[in-house]
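Below is one structure; the comments refer to it alone.
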Ligand SMILES: *Cc1c(COP(=O)(O)O)cnc(C)c1O
């Protein structure tokens, strides 16, 4: 079965933005577990979550996050339902009172969605925005009210193709980060964030589960009731097993976390990601036929956005990519052009294959 899927196309280079590429060994082990989980004769899909079969999976997943992100004692690791979109509302629901102020950075599609939800719970100020320049850069100067309950940043804007290189650790208020598209891709001082959240399907697993890292000391200052399932404190108390977690998605995340550790951890992946991004962007800027969209110093190592200086050739280029097994290169419907996503599990060889194709295409058209 698995073999026939692989031979369907000899080589596929998966540049999808999300859900996206995962390590081959994760797919293989996850597919074995669907048939026979840990030699139990049972599928991972038919075991209870409160059993000695699944509890160790959740425990290992949480431990691995702590270890790989070097988290201190105050930071709790949760695997929660829903995509990162759920966190857009769950963060303010847990932190923001009606008369409180939250500070947000306005850096693109995802930030805008987070801002919209926060406004349902309290006051929101915009600490910095690059909307005027079509979100092609990251704000360099922030103006954060000292009374703000927290500052929210989107560490990597998946659609615009920008990434915060200098995290505003010293903004003076608690920091919250949406890391959906660059989680585990680079070393940051994770303990300086009070909340980090990420939908798993971009860089650490299958869709359906969120990673939430929360400093437990910032919780509990709310003055309104929070529904049980949305209160972080309940999930902390129950070790992320308040109700039935998305068992299979947590399992796939655990396998991916094991893989990250085996690669040498986040620092080793950062090195590889830097190499992939350097190869891609160096090629892009060396070819006049292609044009990067984003401010150079703010460009994302995860999602590279670009257009062609001769738009009439865009369709032909996409066709060539398709013929050579390169998928997911078309830009997001809201911005057009192209987007190449280079998450952790994407191999350097895939970037090499794409840059070779770009050079060849540019040569033939030049
Ligand atoms: C994809 C994405 C989201 C939304 O994730 P869902 O799982 O679809 O809710 C939020 N923020 C960022 C930065 C993303 O890339």
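In the numbering used here, the protein residues as written are 17 to 382. Glycine residues also receive a C-beta, built at the ideal position from the N, C-alpha and C atoms.
Going by C-alpha to C-alpha distance, which of the options sits closest to residue i?
i: residue 114; options: 245, 268, 238 and 246; result: 238
i: residue 184; options: 177, 170 and 175; result: 170
i: residue 320; options: 366, 270, 89 and 354; result: 354
i: residue 269; options: 62, 81 and 32; result: 81
i: residue 174; options: 310, 55 and 252; result: 310
i: residue 134; options: 108, 340 and 233; result: 108
i: residue 37; options: 348, 368 and 318; result: 318
i: residue 246; options: 177, 324 and 103; result: 103
i: residue 279; options: 361, 322 and 256; result: 361
i: residue 187; options: 201, 205, 166 and 203; result: 166
i: residue 46; options: 299, 271, 285 and 370; result: 271
i: residue 358; options: 44, 138 and 172; result: 172
i: residue 155; options: 70, 297 and 124; result: 124
i: residue 316; options: 39, 153 and 256; result: 153
i: residue 242; options: 137, 159 and 164; result: 137
i: residue 281; options: 121, 120, 204 and 211; result: 204
i: residue 202; options: 352, 285 and 116; result: 285
i: residue 87; options: 332, 356, 206 and 331; result: 206
Helix, strand or coil for residue i, going by three-state DSSP, please let me know.
i: residue 267; result: helix
i: residue 357; result: strand
i: residue 281; result: helix
i: residue 20; result: Since pLDDT at residue 20 reaches only 45, below the 50 mark, its modelled position is unreliable, and the value read off the structure follows with that caveat. DSSP places residue 20 in helix when its eight states are reduced to three.
i: residue 116; result: coil
i: residue 372; result: helix
i: residue 276; result: helix
i: residue 362; result: coil
i: residue 367; result: helix
i: residue 32; result: coil
i: residue 191; result: strand
i: residue 38; result: coil
i: residue 27; result: coil
i: residue 259; result: coil
i: residue 182; result: coil
Do residue i and ligand 1 come close, with the Cβ less than 7 Å from some heavy atom?
i: residue 218; result: yes
i: residue 320; result: no
i: residue 196; result: yes
i: residue 100; result: yes
i: residue 172; result: yes
i: residue 341; result: no
i: residue 221; result: no
i: residue 126; result: yes
i: residue 215; result: yes
i: residue 34; result: yes
Skipping 5 residues on each side, what residues in its chain have a beta carbon closer than 6 Å to that of residue i?
i: residue 22; result: Below a pLDDT of 50, predicted positions are generally treated as unreliable, and residue 22, at 48, falls in that range; the measurement from the model is reported next regardless. Excluding residues within five positions, none has a Cβ falling inside 6 Å.
i: residue 20; result: For residue 20, the predicted model reports a pLDDT of 45, less than 50, meaning its position is unreliable; a value from the coordinates is still stated below. So the list is empty, once near-sequence residues are dropped.
i: residue 337; result: 345
i: residue 35; result: 217 and 223
i: residue 312; result: none
i: residue 228; result: 94, 96 and 213
i: residue 105; result: 133
i: residue 178; result: 154, 310, 314 and 316
For residue i, collect the residues of the same chain with a Cβ closer than 7 Å to its Cβ; drop the 5 residues on either side in sequence, then sort them by chain order.
i: residue 419; result: What is shown of the chain runs 17 to 382, which leaves residue 419 out entirely.
i: residue 266; result: 73, 74, 77, 95 and 225
i: residue 232; result: 90, 92 and 252
Near residue i, which residues of its chain fall below 8 Å by C-beta distance, leaving aside the five closest residues on each side in sequence?
i: residue 244; result: 250 and 258
i: residue 364; result: 288, 291, 292 and 295
i: residue 100; result: 126, 194, 196, 213, 214, 215 and 226
i: residue 343; result: 28, 29, 30, 31, 32 and 337
i: residue 381; result: 305, 326 and 329
i: residue 59; result: 49, 50, 51, 52 and 53
i: residue 162; result: 188 and 189
i: residue 303; result: 374, 375 and 378
i: residue 157; result: 144
i: residue 277; result: 80, 83 and 84
i: residue 13; result: Outside the displayed span of the chain (17 to 382) sits residue 13, for which this structure offers no information.
Uninterrupted beta strand (DSSP E) stretches inside the segment 118-180 (no shorter than 3 residues): 139-145 and 167-170
In chain order, what are the residue ranges of uninterrupted alpha helix (DSSP H) at least 4 long that sit wholly in the segment 47-102? 71-84
Which runs of the beta strand (DSSP E), 3 residues or longer, sit entirely within the segment 279-360? 306-308, 319-324 and 354-357
Hey, which unbroken runs of the alpha helix (DSSP H) at 4 residues or more fall wholly within the segment 198-254? 248-253
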